[in-house]
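S.K.: Residue numbers (the UniProt record's numbering), protein chains in the order written: chain A, 1 to 399; chain B, 1 to 353.
Heads up, the beta-carbon is just placed ideally off N, CA and C, and yes, glycines get one too.
Remember, it's a predicted structure, so these values are computed and weren't measured experimentally.
For reference, the structure I am asking about is given below.
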Amino acid sequence: MVHSGIAVTGMGIISAIGSTNEESFQALLNGKHGISRVQNFDTKHKDHILVGEIKYSNRQLAALLGITEPHNFTRTALLGALAAKAAIADAGISDVNAQRTGLISSTSVGGMDYTERYFYEYLTNPSLHPYISTHDAGDSSHKIAECLGLEGIVTTISTACSSAANAIMMGARLIKSGRLDRVIVGGTDALSKFTINGFKTLMILTDDYCRPFDNERCGLNLGEAAAYLVLESAMSLKKDGKKPLAFLRGYGNANDAFHQTASSENGEGAFLAMKKAFQAADLDPAAIDYVNAHGTATPNNDLSEGRALTRIFGDHVPVFSSTKPFTGHTLAAAAAIEAVFSILALQQGVVFPNLHFQHKMAELDLIPQTETLHRPLSNVLSNSFGFGGNCSTLIFSKA
Amino acid sequence: MKNNVFINGIGAVTAQGIWRTELFEEASELNEAVNHAQQPSYKEFIAPAMSRRMSRGIKMGIYAAQQALDEAEVTVPDAIITGTGLGCSEDSEKFLRNILDNQEEFLTPTSFIQSTHNTVAAQIALRLQCKGYNFTYVNRSISFESALLDALLQLQQGEEEHILVGGVDEVSDHTFRLLQLIEEVKASDTNETVKTSVTPGVNYGEGATFFSLGVQKTRSSYAELVDIHIQHRVDRAELPDFVAQFLERNTLAAADVDALLLGYNGDSASDSYYVAFEALFPQAASLYYKHLSGQYDACSAFGLAAAASVLQQRHIPSRLKWKDNTAPGPLKTVLLYNQLKGKDHALTLIRAC
């Protein structure tokens, strides 16, 4: 990897804690979470679970984008388009095709929010048919590309809850190989009955606020979000005389090869992903000032990740926190919003608190950062893991 | 200095049966609206108890992956990269039906667990205990080409030496019916082939095709994978420029391309691009493959297998000929072109080795 890494020149985000970078930062700084009851759709579980829901209806989101009826944008596409547009505006890009530019997006639910609404009704109601073709994961990426007017490569990654980290990695690879000058990378996922019920059957949804790394943690809060970064080549940066927000210094991906949904006891996949990221970044673990952990607050993840952190950092685990108590676990978008949070942390010199933590895990000597901490940061590591043993690590460095 | 990249092993489960030397000689043209892949016996690979819980997509993927690795004599690859348009459609549908039919009650997790798009790549990794890089691309007709591009870049740049790459999609009942409603798939009572197609939509299919790619040429090598280019939007009028830039990047002239492998699928919204593309290569032989595989998002993986086989055999089976022309010189260079309804254009260049 070319050091100091690949420049990040723009970012855009929408989650339960805000629809701009600034709103997100203020919420994180002030410990103000966005967890609430489901309001936007009907589910039997609405009084039993807490979620990180964005309180805009689809109609409001469409209005924010200036999309008029009739259209066939799913919620996943609407959220993605808003965040991607914000990212290119933040990067000061007016003509998206002026240089070789691509979009590498990611999603896990894709258009499932509409499929689950009209699955049977499609058979009898032709007026709903425009939504049939929005089911697949690629649809949201195509819609985002349409909103941006993008002509270059568009593709999508779906590796469950690590998806956006992998989209960021592939984008970096395309810049590094000289195939693209700029690339918009990230992910988008809307809340759906499908995922709520899926996680429910796995018995990893809590009816309370999630408590990552707490000994009495009892599951996750689901959330919805979208976030995108703009990555640019050194040449492109020079051409436009831009100053980067941060650098993507290294990345690593590995497979736990242990179980379709559970993480291995010793966090092998997570350990390997972090190890590869250090190699790619040409950094020692000691150079990391803050770890934005995956920290979903399921008993299995936090123990496995905790073990992996202990294995890679030894007795010197850096300050770490999970920001999932703020936003909920936003699945494919998680690594993208947490990339934005990691960059905000670097820019502002702030470690965000791990909310709701009370008791240290019995198995490990690990205590997350529970209060907002002001401290200059040079390198931040962000972890994201998913079903299928997918483990991804990104390292961001101060510009 | 970039490494060269070779296709050293192929495996597939298709509507024409599993991957074998005689596949294209024995193949028959599909004329049904929906075409299931002929399923092999999975007994050798998957324990019966597991097999019962697995969807066809997972099983086809595992089978094709193993076939490709065996042929290339690779035990555990350094990375696994797959492409799928609709992912594990059967399990997604099953879990969704259970949610809707039982009002969100009495659900079991198995179909949810297996519904994520990366299940096939994950199950292959689990089976091989492959802890390397593991990605799944899900972008309609270029899901497979995206995976192939990722693999090519990593091999060229020397990050890995052996990568397993594949494309897989399965037919699931309800999804298929919905695609018929919007005329993306032909009506069930039609009996048209890609060539005789007059009604809208395509003959739909499913399958898995995997490749073992490596940086060393071996005795099992089919061809060299030279370059891939993907672009979301190309207007028909821009097609000559799009192609010219790609050829120039690879220091080729149009006359250097001996054969084209085109994605003709019987739907005029897609096929008009192939007609325009063919016109740019008056001397090249024109081949097609979707009449043998059916149209599905990851079917371009089957196309690459067909093209690689043509280069290995140095012979074009008559079943693959779109036009009855033959390449003038020896078969050395094949250019694959795939897009769907004018979106997601992919050029893949392979060369005899």
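#1: Among the residues of its own chain, which have a CB less than 7 Å from the CB of Pro376 (chain A), if the five just before and after it don't count?
#2: Where does Leu123 (chain A) land, buried or exposed, given buried means 16+ other C-beta within 10 angstroms?
#3: Taking Lys44 (chain A) as the reference, give the member of B:Ala208, B:Thr209, B:Glu104, B:Leu320 with the closest Cα.
#4: Could you tell me the distance, in whole angstroms, from the CA atom of Tyr131 (chain A) to the CA atom of Tyr133 (chain B)?
#5: Between A:Ser264, A:Arg211, A:Tyr228, which lies nearest to His359 (chain A) when the distance is taken from Cα to Cα?
#6: Span of the alpha helix (DSSP H) holding Val310 (chain B)?
#7: Starting from Thr261 (chain A) and walking both ways along the alpha helix (DSSP H), at which residues does that stretch end?
#8: For the ligand HEM, any of its heavy atoms closer than 8 Å to the Cβ of Pro330 (chain B)?
#9: Smallest Cα separation from Ile99 (chain B): which of A:Thr201, A:Phe278, A:Glu69, A:Thr74?
#10: Would you mind stating whether Gly111 (chain A) and Ala336 (chain A) have Cβ atoms separated by less than 9 Å?
#11: Between the beta-carbon of Ala334 (chain A) and the beta-carbon of Ala164 (chain A), is there less than 9 Å?
#12: Count the CB pairs spanning the segment 313–320 of chain A and the segment 214–224 of chain A that are closer than 8 Å, and state whether there are at least three.
#13: Using a Cβ cut-off of 8 Å, pull out every chain A residue sitting near Ala237 (chain B), in sequence order please.
#14: Quick check on Ile67 (chain A): does DSSP put it in helix, strand or coil?
#15: Below 8 Å on the Cβ atoms is my contact criterion, and I expect Met361 (chain A) with Gly295 (chain A) to pass it. Report the Cβ-Cβ distance as a whole number of Å.
#16: On the premise that Val202 (chain B) lies in contact with Gly266 (chain B), defined as a C-beta separation below 8 Å, what is that separation, rounded to the nearest angstrom?
#17: With a cut-off of 8 Å, do at least 3 Cβ pairs link the segment 290–297 of chain B to the segment 16–32 of chain B?
#18: Buried or exposed for Thr68 (chain A), please, with buried defined as at least 16 other CB atoms from any protein chain shown within 10 angstroms of its CB.
#19: Using a Cβ cut-off of 9 Å (strictly closer), state whether residue 408 (chain A) contacts chain B.
#20: Can you list, in chain order, the residues of its chain with a C-beta nearer than 7 Å to that of Pro353 (chain A)? Leave out the 5 residues immediately preceding and following it.
#21: Exposed or buried, Arg182 (chain A), counting other C-beta atoms within 10 Å across all chains shown (16 or more means buried)?
#22: With DSSP collapsed to three states, give me the class of Ala160 (chain A).
#23: Return the chain-ordered list of same chain residues with a C-beta closer than 6 Å to the C-beta of Arg75 (chain A), the five sequence neighbours on each side being excluded.
#24: Let me know the secondary structure DSSP gives Thr76 (chain A) once reduced to three states.
#25: Within 10 angstroms of its Cβ, does Pro70 (chain A) collect 16 or more other Cβ (buried), or is it exposed?
#26: Excluding the 5 residues preceding and the 5 following Val2 (chain A) in the sequence, name in chain order all residues of the same chain whose CB lies nearer than 8 Å to its CB.
#27: Which residues, taken in chain order from the segment 142–156 of chain A, show a beta carbon closer than 8 Å to some beta carbon of chain B?
#28: Using only alpha-carbon positions, find the residue among B:Gly214, B:His315, B:Phe246 that is nearest to Leu331 (chain B).
#29: For Val2 (chain A), name the three-state secondary structure that DSSP assigns.
#30: Could you tell me which whole beta strand (DSSP E) segments of length 3 or greater appear in the segment 68–137 of chain A?
#31: For the segment 315–349 of chain B, list every residue whose C-beta sits within 9 Å of some C-beta in chain A, in sequence order.
#32: Skipping 5 residues on each side, what residues in its chain have a beta carbon closer than 7 Å to that of Gln295 (chain B)?
#33: Would you mind reading off the limits of the beta strand (DSSP E) that contains Ala259 (chain B)?
#34: Spell out whether any CB of chain B is found under 9 Å from the CB atom of Met274 (chain A).
M.R.: If we stick to the structure as given:
#1: Cβ-Cβ distances below 7 Å link Pro376 (chain A) to Gly349 in the same chain, with the five nearest sequence neighbours on each side left out; the list follows chain order.
#2: Answer is exposed; the Cβ neighbour count stays below 16.
#3: For Lys44 (chain A), the nearest C-alpha among the options comes from B:Glu104.
#4: Approximately 34 Å between the Cα atoms of the pair.
#5: Considering only alpha carbons, the answer is A:Arg211.
#6: Counting along the chain, Val310 (chain B) sits inside the alpha helix (DSSP H) bounded by residues 300–313.
#7: Annotation for Thr261 (chain A): no alpha helix (DSSP H) segment contains it, and DSSP assigns it neither H nor E.
#8: Among the components modelled here there is no ligand, and therefore nothing to report on the ligand HEM.
#9: For Ile99 (chain B), the closest of A:Thr201, A:Phe278, A:Glu69, A:Thr74 by C-alpha to C-alpha distance is A:Thr201.
#10: Taking 9 Å as the Cβ cut-off, Gly111 (chain A) and Ala336 (chain A) do not qualify as a contacting pair.
#11: Yes, they are a contact pair.
#12: These segments do not touch.
#13: Under the 8 Å cutoff, chain A gives no residues; its nearest Cβ is about 13 Å from Ala237 (chain B).
#14: Coil at Ile67 (chain A), not helix or strand.
#15: Rounded, the Cβ-Cβ distance is 12 Å, inconsistent with contact.
#16: Contact between Gly266 (chain B) and Val202 (chain B) holds: CB atoms are separated by about 6 Å, below the 8 Å threshold.
#17: Judged by Cβ distances under 8 Å, the segment 290–297 of chain B makes contact with the segment 16–32 of chain B, as three or more pairs qualify.
#18: Residue environment analysis places Thr68 (chain A) among the exposed positions, since fewer than 16 neighbouring C-beta atoms fall within 10 angstroms of its C-beta.
#19: As displayed, chain A neither begins before 1 nor continues past 399, which places residue 408 (chain A) out of reach and without an answer.
#20: Gly31, Ser321, Gln369, Thr370, Glu371, Thr372.
#21: Under this definition Arg182 (chain A) is a buried residue.
#22: Three-state result, Ala160 (chain A): coil.
#23: Correct list, in chain order: Asn58, Asp113, Ala190.
#24: Reduced to three states, the DSSP call for Thr76 (chain A) is helix.
#25: Flag for Pro70 (chain A) reads exposed.
#26: Because the pLDDT at Val2 (chain A) is just 43, under 50, the model does not fix this residue reliably, and the value given afterwards should be weighed accordingly. Scanning its chain for C-beta atoms nearer than 8 Å, with the 5 sequence neighbours on each side dropped, one finds around Val2 (chain A) the residues Lys176, Ala234, in chain order.
#27: So the close ones are His142, Ala145, Leu150, Glu151, Gly152, Ile153, Val154, Thr155, Thr156.
#28: Nearest option by C-alpha distance: B:His315.
#29: Only weak support is given to the placement of Val2 (chain A): the predicted model assigns it a pLDDT of 43, under 50, and the value that follows is read from those uncertain coordinates. In the three-state reduction of the DSSP assignment, Val2 (chain A) falls in the coil class, being assigned neither a helical nor a strand state.
#30: Fully enclosed beta strand (DSSP E) runs of 3 or longer: 101–106.
#31: For the segment 315–349 of chain B, which is checked against every Cβ of chain A, the residues closer than 9 Å are Lys343, Asp344.
#32: Here the set comprises Val202, Asn203, Tyr204, Gly205, Asn265.
#33: First-last of the beta strand (DSSP E) with Ala259 (chain B): 259–262.
#34: No - not a single Cβ of chain B is within 9 Å of the one on Met274 (chain A).
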